[in-house]
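Report on one structure; see the data block that follows.
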Amino acid sequence: MAYSLMGIESNLANKGCERVELLHQANGRRSAFVRQDEETWHVQDSESVSLHTAELQERLVANFGLNYDRLVCRFSDHEVMYTLNQGEVNMTHKPLSQEAKSGAARREWKALTDALGIPRSKRRHKLKQAEQFAHIVKEGLDKADNREVRVLDVACGRSYLGFVLCHVLFASGFRPWMHGVDADPVLVDKCHDIAGALGWRDCVFEVANLEHYAAEPGRYDVLVSLHGCDALSDEAIRIGVDAKIPLLFVAPCCQQELRRTWGPHPLQWIRYYPVLEERLADILTDGFRSLVLEAMGYRVTALRFVAPDVTPKNLLIQAKMVSRPCRDRAAEAKEFQRLFSVQPRLSSLLDRIG
Ligand SMILES: C[S@@+](CC[C@H](N)C(=O)[O-])C[C@H]1O[C@@H](n2cnc3c(N)ncnc32)[C@H](O)[C@@H]1O
385 MAYSLMGIES NLANKGCERV ELLHQANGRR SAFVRQDEET WHVQDSESVS
435 LHTAELQERL VANFGLNYDR LVCRFSDHEV MYTLNQGEVN MTHKPLSQEA
485 KSGAARREWK ALTDALGIPR SKRRHKLKQA EQFAHIVKEG LDKADNREVR
535 VLDVACGRSY LGFVLCHVLF ASGFRPWMHG VDADPVLVDK CHDIAGALGW
585 RDCVFEVANL EHYAAEPGRY DVLVSLHGCD ALSDEAIRIG VDAKIPLLFV
635 APCCQQELRR TWGPHPLQWI RYYPVLEERL ADILTDGFRS LVLEAMGYRV
685 TALRFVAPDV TPKNLLIQAK MVSRPCRDRA AEAKEFQRLF SVQPRLSSLL
735 DRIG
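Residue numbers (the working numbering): 385 to 738.
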């Protein structure tokens, strides 16, 4: 049965509507669509091509009431929510928060983006990545208001992501605290300068090599890592697992390890096509990372956190700690290692499961 979603057409036609989400309140299922331009939407968690607004509307109507019982249209300062309740659709219109609406919030955002000092040519894309990433992290947190959220940002660089994330969390009623780690002392100094310019005290930054880094267990609620090159995303995952961080959000960058080290494998012919070989190695690397995380007791979602024209490196591995280590996933990961005659860095985590 299709439900009537009053006003959905005009909500989607309104360019201020930046993001639409279908949700199932009880089982946590979620599908998100991010506006790409006036007429097209990018499907966040699947490989499908973009949807035209009319196609999105059809999809929303077809799924609402079937797999989902909530639909949210997010604007910069308010959201429109459709809720299914005992066969009735209720529509509510709510400001995101008093703060988000206010000029003060806009001034804070401007102060933040000025302090970050991102070159004008890169500003729109850098901020878009950080904002979308930050909103996904916020959605992953439980909603207890005024809760302290301790964030570890690894390979933080100038910590654009960390600062934007703290801003988004703060505006949503959380009390964020951030710890950024990077090997480059110049960038870490830059982070101190930014924090100083903003007058933020709830953040610390540290110069350290992630290859030998261990975070204090139980100290953090969330680990984030944006575009750590090559094996840095593996180090981020290892650090998060070792420190028992309940939520990990890792957006990998380039990676070389698998392709450099794999031995004879069943898809040997792929080497005739180097571009495809590189893509296969990327997919298998991120697949293996996801499998290892599941083996270590996390539930993993791999999604595209931002439209590909903002960055082609738009895969986000989102992992939530849910249970004890899973032997089945560990066995599948080991089978992959056997088939591709490879011993990726993260395989050391599997050895602990036995
Ligand atoms: C591509 S940048 C990403 C920076 C930031 N997360 C962002 O998205 O803007 C990769 C960062 O990793 C840092 N890095 C490289 N090797 C490292 C290592 N072994 N340990 C810690 N950080 C490292 C670099 O200094 C750089 O800041």
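From the three backbone atoms N, C-alpha and C, an ideal C-beta is built for every residue, glycine too. Quantities reported herein were computed from a predicted structural model and do not represent experimental measurements.
Three-way DSSP call (helix, strand, coil) for residue i in this model
{"i": "ALA714", "result": "helix"}
{"i": "ASN772", "result": "This structure gives no information on residue 772, because the portion of the chain shown stretches from 385 to 738."}
{"i": "LEU553", "result": "helix"}
{"i": "CYS575", "result": "helix"}
{"i": "THR424", "result": "strand"}
{"i": "ARG413", "result": "coil"}
{"i": "ASN474", "result": "strand"}
{"i": "PRO658", "result": "helix"}
{"i": "PHE720", "result": "helix"}
{"i": "PRO569", "result": "helix"}
{"i": "GLU483", "result": "Because GLU483 sits at a pLDDT of 49, beneath the cut-off of 50, its placement in the model cannot be relied upon, and the following sentence gives the value as read from the coordinates. GLU483: helix per DSSP, three-state reduction."}
{"i": "VAL400", "result": "Per the sequence presented here, residue 400 reads as Gly, with Val not at that position. Of the three classes helix, strand and coil, the one that applies to GLY400 here is coil, per DSSP."}
{"i": "GLU641", "result": "helix"}
{"i": "TYR387", "result": "coil"}
Closest residue to residue i among the options (Cα-Cα distance)
{"i": "ARG559", "options": "TRP584, ALA539 and CYS575", "result": "TRP584"}
{"i": "LEU407", "options": "ILE629, SER388, ASP421 and LEU468", "result": "LEU468"}
{"i": "ASP696", "options": "CYS638, GLY546, ILE502 and VAL535", "result": "For clarity, residue 696 is Pro in the given sequence; the question names Asp instead. Of the candidates CYS638, GLY546, ILE502 and VAL535, the one whose C-alpha sits nearest the C-alpha of PRO696 is CYS638."}
{"i": "ALA579", "options": "ALA567, HIS563, ARG722 and ASP712", "result": "HIS563"}
{"i": "GLU619", "options": "LEU455, LEU594 and GLN727", "result": "LEU594"}
{"i": "LYS718", "options": "GLN702, ARG736, ILE701 and VAL706", "result": "ARG736"}
{"i": "LEU642", "options": "ASP573, CYS710, GLN727 and ALA581", "result": "GLN727"}
{"i": "SER423", "options": "ALA397, GLY524 and LEU699", "result": "It should be noted that the sequence gives Glu, not Ser, for residue 423. For the residues ALA397, GLY524 and LEU699, the minimum Cα distance to GLU423 belongs to ALA397."}
{"i": "LEU700", "options": "PRO636, VAL570, LEU525 and LYS574", "result": "PRO636"}
{"i": "GLN640", "options": "PRO503, SER617 and GLU402", "result": "SER617"}
Any non-hydrogen atom of ligand 1 within 7 Å of residue i CB
{"i": "GLU515", "result": "no"}
{"i": "HIS509", "result": "no"}
{"i": "GLY331", "result": "Nothing can be reported for residue 331: it is not among the residues displayed for the chain, which extend from 385 to 738."}
{"i": "ASP566", "result": "yes"}
{"i": "LEU545", "result": "yes"}
{"i": "GLY647", "result": "no"}
{"i": "GLU472", "result": "no"}
{"i": "CYS613", "result": "yes"}
{"i": "CYS540", "result": "yes"}
{"i": "MET587", "result": "Looking at the sequence shown, residue 587 is not Met but Cys. CYS587 Cβ: outside cutoff for every heavy atom of ligand 1."}
{"i": "LEU607", "result": "no"}
{"i": "CYS637", "result": "yes"}
{"i": "ASN593", "result": "yes"}
{"i": "LEU610", "result": "yes"}
{"i": "LEU699", "result": "no"}
{"i": "LEU496", "result": "no"}
Check: residue i C-beta below 7 Å from any heavy atom of ligand 2
{"i": "LEU571", "result": "Looking for ligand 2 in the displayed structure turns up nothing; the ligands present are ligand 1."}
### Message
With three or more beta-carbon pairs closer than 8 Å as the criterion, would you say the stretch 676-687 touches the stretch 644-651?
### Response
no
### Message
Tell me whether the stretch 548-565 and the stretch 661-671 touch, counting them as touching only if at least three CB pairs, one residue from each stretch, are closer than 8 Å.
### Response
no
### Message
So, does the stretch 687-694 touch the stretch 705-725, judging by three or more C-beta pairs under 8 Å?
### Response
no
### Task
Could you tell me whether the stretch 471-480 touches the stretch 589-604, where touching means 3 or more Cβ pairs closer than 8 Å?
no
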